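Numbers given in the working numbering equal positions in the sequence shown, counted from 1, plus 833.
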Amino acid sequence: MAENDSESKTLSDSESKTLSDSESKTLSKLDIDKPQDFKFHIAYEVYSQAWDDNDSESIRTKLNELISFLSNEGHYGGFYAQMKPFRKDLDSFSPGRKRIQGQKKRAWAKDDAKARRNRRYK
Numbered sequence: 834m835a836e837n838d839s840e841s842k843t844l845s846d847s848e849s850k851t852l853s854d855s856e857s858k859t860l861s862k863l864d865i866d867k868p869q870d871f872k873f874h875i876a877y878e879v880y881s882q883a884w885d886d887n888d889s890e891s892i893r894t895k896l897n898e899l900i901s902f903l904s905n906e907g908h909y910g911g912f913y914a915q916m917k918p919f920r921k922d923l924d925s926f927s928p929g930r931k932r933i934q935g936q937k938k939r940a941w942a943k944d945d946a947k948a949r950r951n952r953r954y955k
């Protein structure tokens, strides 16, 4: 029975080592900002904002992987595509372009003259 007690103590010691190892491996925000590189600096700001907005360990691990990959490879299109699900500030950004409808000068002058006449006699 004394052998079983020593084995259980050994297990608890190894479990406590595992717990202390996991506690020491807490995730932290990577500090690899490059202010002299404008594109990377903006990407780091996006990463930083996403990091602050998300508390999940798995999400933060993924964010660290993305910014590390960007730092090494420099593929911005892929970075922003993979960052999209983690960003919460996308409501302020409306993707796509608005269609600008052009008009010939003569047609514009004709419509403008008609609008002025209508305003004058109403």
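Built from N, CA and C at the ideal position, the CB exists for glycine as well.
These numbers come from a predicted model, not from an experiment.
Classification of residue i by the beta-carbon crowding that lies within 10 angstroms, buried from 16 upward
| i | result |
| --- | --- |
| Tyr877 | buried |
| Asp838 | Here Asp838 scores only 47 on pLDDT, less than 50, and its place in the model is too uncertain to base an answer on. |
| Ile865 | exposed |
| Trp884 | buried |
| Tyr880 | buried |
| Met834 | For Met834, the predicted structure reports a pLDDT of 49, less than 50, and the residue's modelled location is therefore unreliable. The matter cannot be settled from this model. |
Cα-Cα separation between residue i and residue j, rounded to whole angstroms
| i | j | result |
| --- | --- | --- |
| Asp886 | Arg920 | 8 Å |
| Ser904 | Phe871 | 13 Å |
| Ser861 | Ile933 | 46 Å |
| Thr859 | Glu906 | 25 Å |
| Lys955 | Asp944 | 17 Å |
| Ala942 | Gln869 | 50 Å |
| Gln936 | Lys947 | 15 Å |
Three-state class that DSSP yields for residue i in the structure shown
| i | result |
| --- | --- |
| Leu863 | coil |
| Asn951 | helix |
| Lys870 | It should be pointed out that residue 870 corresponds to Asp in this sequence rather than to Lys. It is coil, neither helix nor strand. |
Presumed contact (8 Å Cβ cut-off) between residue i and residue j, rounded CB distance
| i | j | result |
| --- | --- | --- |
| Ile863 | Ile900 | According to the sequence as given, residue 863 is Leu; it is not Ile. Rounded, the Cβ-Cβ distance is 6 Å, consistent with contact. |
- Query: In the segment 877-939, which residue ranges form an unbroken alpha helix (DSSP H) of at least 4 residues, counting only runs that do not cross its ends?
  - Reply: Given a length threshold of 4 residues, each whole run of the alpha helix (DSSP H) inside the segment 877-939 is given here in chain order: 890-906 and 909-916.
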